[in-house]
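For reference, the structure is listed below as structure tokens.
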Amino acid sequence: MEPKLQTIQQKLLVGKSMEMSLATNHTRTLWQSFMPLRNSIPNTAGTTLFSLQEYDPAYFTQFHPNRLFKKWALIEVTDFTAVPGGMEAYTLPAGDYAVFSYKGNATAAAGIFNYIFTEWLPASGYLLDNRPHFEMLTEKYKNDDPSSEEEIWIPIQRP
């Protein structure tokens with residue numbers, strides 16, 4: 001499975017965040033707190049949702065399932081003029097990404113991440129960049145449905 005290589009420009013996003021680990025995964029709780037409020041966000045730039053992770057620079061070199069990272073539930077906006085209470089503004093920096101298409105339910109996604117980090121990345125000629133990782137969730141995303149589709153965006157850089 002070969003990814004598309006894409007460069008994105010800076011994006012303005014609004015949403016909610018939570019600290020968690022793979023062992024104490026609170027993704028469902030995060031999205032349950034975000035989804036009822038998403039329609040209160042003005043100036044949205046489409047309907048695509050972003051599930052974004054911010055990792056410490058040493059996260060992948062000293063991996064442990066209890067290591068904390070920050071996860072965000074977000075939607076793109078045109079500006080930050082009216083961020084609703086309980087929400088935060090987030091600027092996603094521009095950069096290069098390897099974009100993998102994934103079809104399947106969220107529980108089976110561990111396999112694609114294993115492939116990305118243990119097979120594709122080491123053989124790709126790219127290095128993992130210290131920028132946010134994210135998944136783009138369009139209308140094709142159906143949560144735990146096996147026909148669900150999403151894009152996995154991995155930040156990369158040339159050595």
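Letter by letter, the sequence shown follows residues 1 to 159 in full-length UniProt numbering. Beta carbons are placed, not taken as given, at the ideal position from N, Cα and C, and that holds for glycine.
Measure the C-alpha to C-alpha separation of residue i and residue j and round it to an integer number of angstroms.
i, j, result
"G15", "N66", "24 Å"
"G111", "R131", "22 Å"
"S101", "Y126", "19 Å"
"E139", "T48", "7 Å"
"G104", "Y141", "9 Å"
"P122", "I116", "9 Å"
"P3", "S33", "32 Å"
"D144", "T107", "7 Å"
"S17", "L92", "14 Å"
"I8", "Q53", "17 Å"
Helix, strand or coil: which one does DSSP assign to residue i?
i, result
"T81", "coil"
Start and end of the alpha helix (DSSP H) containing residue i?
i, result
"G111", "A110 to Y115"
At the 8 Å Cβ level, is residue i part of the contact set with chain B, yes or no?
i, result
"T24", "The structure shown contains no chain B; it is built from a single protein chain."
Is any heavy atom of the ligand MG found at a distance shorter than 7 Å from the C-beta of residue i?
i, result
"L22", "In the structure shown, the ligand MG is absent, as is every other ligand, since no ligand is present at all."
(request) Decide yes or no for the touch test of the stretch 69–84 against the stretch 5–15: beta carbon pairs closer than 8 Å, at least 3 of them. (result) Counting Cβ pairs under 8 Å, three or more are found: they touch.
(message) For a minimum of 4 consecutive residues, which ranges assigned as the alpha helix (DSSP H) are wholly contained in the UniProt domain "AraC effector-binding" (1–157)?
(response) Counting whole runs of 4 or more residues, the UniProt domain "AraC effector-binding" (1–157) contains the alpha helix (DSSP H) stretches 27–34, 110–115 and 121–124.
(request) Tell me, please, whether the stretch 38–52 touches the stretch 81–96 by the rule of three or more beta-carbon pairs shorter than 8 Å. (result) They touch, by the three-pair rule.
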